[in-house]
Amino acid sequence: MTKLIIEDNEYDTEDLTEEQTAIVNTLNLGQNSIGLLNHILQCTKAIHQTKFEELKTSLDDEPDDK
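Just so it is clear: in the sequence shown, position 47 is 46 by numbering that gives the first Met the number 0, and no numbers are missing.
This is how it looks when you write it as structure tokens:
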């Protein structure tokens with residue numbers, strides 16, 4: 000028996016209609032997708048920062064030919 004809590008109200012998921020269960024499933028899928036997208040964003044930011052620092056170091060190490 001799974002409980003669903005919305006704004007301090009507790010609901011037994013066994014008592015939900017098919018439509019309500021479908022809504023809950025969509026919300027769960029959305030929440031999981033948000034988590035995955037946030038993970039992808041954090042990974043992309045980390046790679047971006049690493050490559051930025053790599054380029055900066057590479058450019059700073061070049062001899063000045065000017």
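Every residue gets a Cβ at the ideal spot worked out from N, C-alpha and C, and that includes glycine. This structure is a prediction, so every number in the text was calculated from the model and none was measured.
Please state if the CB of residue j and the CB of residue i are separated by a distance shorter than 8 Å.
i, j, result
"residue 23", "residue 15", "yes"
"residue 3", "residue 12", "yes"
Among all the DSSP beta bridges, which residues are the ones paired with residue i?
i, result
"residue 8", "5"
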